[in-house]
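Protein chains in written order, with my numbering: chain L, 9 to 362; chain P, 9 to 362; chain G, 9 to 362.
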Amino acid sequence: MSTRLGDLVESLGGELIGDPALLIDGIAPLDAAGPSHITFLSNPKLRAQAAATGAAVLILSRIEHDKLQGYAGARILSDNPYAYYARAAQYFVARKSVPATPGIHPAAWVDPAARIAATATIGPGATVEAGAVIGEHCVIGAGCHIGRDAEVGDHTCFHPNVSFLADCRIGRRGIVQSGAVIGGDGFGFANDRGSWIKIPQTGGVRIGDDVEIGANTTIDRGALDHTVIEDGVKLDNQIQIAHNCVIGAHTAMAGCVGVAGSARIGRHCTFGGAAMVLGHLTIVDHVHVSSGSLVSRSISEPGQYTGFYPLAKNADWEKTAAVVRQLDAMRDRVRELERLVKQLTGDKDSLSRD
Amino acid sequence: MSTRLGDLVESLGGELIGDPALLIDGIAPLDAAGPSHITFLSNPKLRAQAAATGAAVLILSRIEHDKLQGYAGARILSDNPYAYYARAAQYFVARKSVPATPGIHPAAWVDPAARIAATATIGPGATVEAGAVIGEHCVIGAGCHIGRDAEVGDHTCFHPNVSFLADCRIGRRGIVQSGAVIGGDGFGFANDRGSWIKIPQTGGVRIGDDVEIGANTTIDRGALDHTVIEDGVKLDNQIQIAHNCVIGAHTAMAGCVGVAGSARIGRHCTFGGAAMVLGHLTIVDHVHVSSGSLVSRSISEPGQYTGFYPLAKNADWEKTAAVVRQLDAMRDRVRELERLVKQLTGDKDSLSRD
Amino acid sequence: MSTRLGDLVESLGGELIGDPALLIDGIAPLDAAGPSHITFLSNPKLRAQAAATGAAVLILSRIEHDKLQGYAGARILSDNPYAYYARAAQYFVARKSVPATPGIHPAAWVDPAARIAATATIGPGATVEAGAVIGEHCVIGAGCHIGRDAEVGDHTCFHPNVSFLADCRIGRRGIVQSGAVIGGDGFGFANDRGSWIKIPQTGGVRIGDDVEIGANTTIDRGALDHTVIEDGVKLDNQIQIAHNCVIGAHTAMAGCVGVAGSARIGRHCTFGGAAMVLGHLTIVDHVHVSSGSLVSRSISEPGQYTGFYPLAKNADWEKTAAVVRQLDAMRDRVRELERLVKQLTGDKDSLSRD
């Protein structure tokens, strides 16, 4: 299963400095790579490690190429070595992976009124309801459920045990990890003298192309309109997207993020793990929210936002938390001190005011 | 599938001001409603929008009815327009939805020693163990698992891929969204010289009537006694309820909330998204916990409680977080300043003390 | 199903003071135990309750044995009464539980190229791919999926609807609760001019012996190397373990914890509910992180660490949070006060500096 280096570069681009006839088996990290491996240098801090690598081929930028000495192997010059590495890894995985066998597994159940492309694969224990449409080259893993009138675009892959419910749609080249639930009812109730009356959730979920959805992530259907996930969005595991949210294209969220109902999040945003967004907020493009931070107001300016209590030894936290509880009183004491000191100094020194 | 307006009002109550022969197709928001739609006004701030709506019928309170001018369509007067809207939406959904076909799907597996009501529906790929009881008009979705001796009350609906494990019970008219796990083992271990010895979890889960449980929410079984979810509780997605908790009637929790073991939560409480409750606490009725807040002590007084670090631009957060880490020392400095200023003023001005 | 007390003590150890011929039915809490029950005293604060218990047998330490008066039943002396209770409860559960019937259920699907031990049980609706290995006495619950070449050690039990994906391994005596996903793709992407390029995740998950994994918990496969969960680790529900993490032996995590990629966590650590650990950190052995705390830096010293905003009534929180946002300015004001007071006192009193 070796690959000719020249074939790889012809497929992925970049400038090759070295022998195109070299045979390569796969990718490895700088410190573990051997004479049949490609490796990459994307972080200048690792230049010394790159100089010492035993790899046959090194992916690097032109700037690093000019600076790197002591490394004698082949080189691939790329504007973005890390992205080149990702594509090279995809290249090797595609060659090694066992292709799915098209067709409906005898242990699956597919309603006669569903439309399954001839090149699609439906795994054992999967169930597909009437009106569902499964595109070309799709893989629907074992135990998945595809609801009534749901649509799955070409080349999209569902890992085992995904629930993709009625009237939901996902575009092409999507990947949905196991246990994800797309199209559960949004959480909508009207309170009537203490009891909750369910508001039917009649919208769907609309997911664009090239979207990845993590394991056990949940995306609720909209109340009247749809919940929308735009092209290229990447969601990690255990994320909760509530009804009627719009997640802008190419936004990425790490594990355990939660987004409350009707929030509108821009394009090219990133969210660290366990960040939370309250409902009905708007966040513009290119906003980056740190892990563990709660977004309680709309954000109208791009940039990095943070809000978590700093970790400390428990005994120290006990002391600072006790002061936090009295911060309002402490501010009053500082004001009073300022008043008194102003009197004492005869007002000749200025003091800041709030 | 149009509905005569008079039939709707006869079914749901309220006072109709307008032509009962009007034909209505469904519900729409104020700004999108047309001549075959009902809409509603529950927020006085939207009065101007209501005046301009193109809806055929408007649900509103008597107070708003007296104030609203410029709207010429039919009106339904209700004490609680939002709840009326919820019920009207249910009315239309019930008329349009495809009824489940009673019976056990040929691709389901049901133990002969389970009891399935004749009007119940068991979906493809579902499995039902011996001793389980499924009530009248229940719908058990595709891929659900109903454990040994578990009981499901009449008119309860499980969406696909729910795990409802041995000895658990849920009442009537419940809704359980996909991926929920009811009756996993509580997390109980005794430490013995560094290793953890499992404490068997032999209690069950007891869920009342009219309870909704969100997608991928988990409710653990009790250690010796049961975990209890009382009537009318509404749980959103990805909530974790640990063993031996009691969640009081009509309490509602938004997504990603966690409740640790043996917590007792009152009735008519609400929890914002990602709120957390520590174990063995008691929270009285009518407590409202804000999103992202951790409840570390029992709450004995109704009201709204909050505790999350305010979001800021990252650079600003870096500065304030650095001060938070030293708040204890800052308090000491303020005290010392107060002592010195008191000396300087000859004690003739009073200073607050802590 | 009664047990002779002497047989129990012979099996579990400890010193019996009482009649070995007593017949015992099971375990009960101190206040609910009757003449056929064993109970235990592990918390000295409950000594008065223990004195009044109606239990036939009391497990307690030698110290408590010497102090306890007024209790007339049998006693079992143990160095660790709580661990003894755990083992006694296991003893009774094992006697009462319905043993799984070995064999492959007719409603399961197993690839002919999988190896299933003769004593293993494969439940209805379960699917097992080619190359998978299921050990002796394993129980694979209804609807579980075992991926290609995955390996499950002897005596390991999967509750219904677990996804255990290709190339993952778990050791002996493991327990995996429903809805858990082991081996989803790690969250790895390279950004290329605004779009995300997927980095294939080609490592696996390696789980040791005696590991318990909670309901809907997710453990991702590694990018190039494996994600590692060492022996004796206990994970509660809805935990997220990202790619390439190492969780040290006998570490326990409560519900909703998240660990970002490549974090290395030591042995014998504990994490309270909803604690979060950022990526690429190292945490030494015997670290205890409180609930709701975010670990943003490596921890090199054992001990208890905390970092969450203290809960308050909402109105009070509004006030303190407003001050938190200005803490940097307040520090400046305190410094200025110190400067002025120093001038006023003629520098004869010392002031702390930061």
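Cβ atoms here follow ideal geometry from the backbone N, Cα and C, with glycine treated the same way.
Note that this is a predicted model, so its numbers are computed, not measured.
| Asked | Found |
| --- | --- |
| For Met261/G, collect the residues of the same chain with a Cβ closer than 7 Å to its Cβ; drop the 5 residues on either side in sequence, then sort them by chain order. | Leu243, Asp244, Ile247, Phe279 |
| What is the DSSP secondary structure of Gln312/G, reduced to helix, strand or coil? | strand |
| Mind checking which residues open and close the beta strand (DSSP E) that includes Val295/G? | 295-297 |
| Under DSSP, the beta strand (DSSP E) around Lys206/P begins and ends at which residues? | 203-206 |
| Using three-state DSSP, classify Asn199/L as helix, strand or coil. | strand |
| Would a C-beta distance cut-off of 9 Å place Ala231/L and Ala91/P closer than the cut-off? | no |
| Give a yes or no on whether the C-beta atoms belonging to Leu24/P and Ile71/P are separated by under 9 Å. | no |
| Note down, in chain order, every chain G residue with its Cβ under 8 Å from the Cβ of His258/L. | Gly202, Ser203, Trp204 |
| For the candidate residues Ala94/P, Val303/P, Val254/P, Tyr99/P, whose alpha-carbon lies nearest to that of Asp15/P? | Tyr99/P |
| Report the residue from Pro89/G, Arg305/G, Ala59/G, Gly42/G whose alpha carbon sits nearest the alpha carbon of Leu20/G. | Pro89/G |
| Considering only their Cβ atoms, is the gap separating Arg229/L from Asp175/L smaller than 9 Å? | yes |
| At the 9 Å Cβ level, is Thr135/P part of the contact set with chain G, yes or no? | yes |
| Identify, in the order they occur along the chain, each residue of the same chain with its Cβ nearer than 8 Å to the Cβ of Ala36/G, setting aside the five sequence neighbours on each side. | Gly42, His45, Ile46, Thr47, Ala63 |
| Let's see if you can read the secondary structure: which residues bound the beta strand (DSSP E) around His45/P? | 45-48 |
| By the criterion of Cβ-Cβ separation under 7 Å, what are the contact partners of Leu335/L in chain G? | Thr328, Val331, Val332 |
| Note down, in chain order, all residues in the stretch 295-310 of chain P with a beta-carbon under 8 Å from any beta-carbon belonging to chain L. | Ser299, Gly300 |
| Along chain G, which residues have their Cβ under 7 Å away from the Cβ of Trp325/L? | Thr314, Gly315 |
| Specify, as a first and last residue, the run of the beta strand (DSSP E) that Thr235/P falls within. | 235-237 |
| Along the chain, where does the alpha helix (DSSP H) containing Ala96/G start, and where does it finish? | 89-104 |
| Strictly below 7 Å CB to CB, what residues from chain P border Asp244/G? | Phe195 |
| Would you mind giving the Cβ-Cβ distance between Ala102/P and Thr129/P, rounded to the nearest angstrom? I have them listed as a contact below 8 Å. | About 16 Å; that fails the 8 Å criterion. |
| Just to confirm my understanding: we take Val254/P, look at its own chain, exclude 5 residues before and 5 after, and list those with CB closer than 6 Å. What are they? | Val236, Arg272 |
| If you draw a straight line from the alpha carbon of Leu30/L to that of Leu13/L, how long is it in whole angstroms? | 5 Å |
| Alpha carbon to alpha carbon, how far is Cys277/P from Ile112/P? | 39 Å |
| How many Å lie between Tyr313/P and Phe316/G at the Cα? | 15 Å |
| Exposed or buried, which one is Arg347/P when buried takes at least 16 other CB atoms within 10 Å? | exposed |
| Could you tell me which residues DSSP pairs with Met261/L in its beta bridges? | Leu243/L, Phe279/L |
| Roughly how many whole angstroms lie between the Cα atoms of Leu173/L and Val141/L? | 12 Å |
| Which value, in whole angstroms, describes the spacing of the CA atoms of Pro114/P and Ser105/G? | 30 Å |
| Under the rule that 16 or more other beta-carbon atoms within 10 Å means buried, what is Asn51/L, buried or exposed? | exposed |
| Starting from Glu72/G, follow the alpha helix (DSSP H) in both directions and report where the run begins and ends. | 70-75 |
| Taking the alpha-carbon positions, what's the Ile291/G to Val297/G distance? | 10 Å |
| How many Å lie between Arg305/L and Gly212/G at the Cα? | 40 Å |
| Verify the contact flag: Ile273/L, CB atom, against every heavy atom of the ligand GDP, threshold strictly below 8 Å. | For the structure depicted, the ligand GDP is absent and the ligand set is empty, with no information on it obtainable. |
| Tell me the residue span of the beta strand (DSSP E) that contains Val213/G. | 213-215 |
| Buried or exposed: which applies to Ser10/L, given that a residue is buried once 16 or more other Cβ atoms fall within 10 Å of its Cβ? | exposed |
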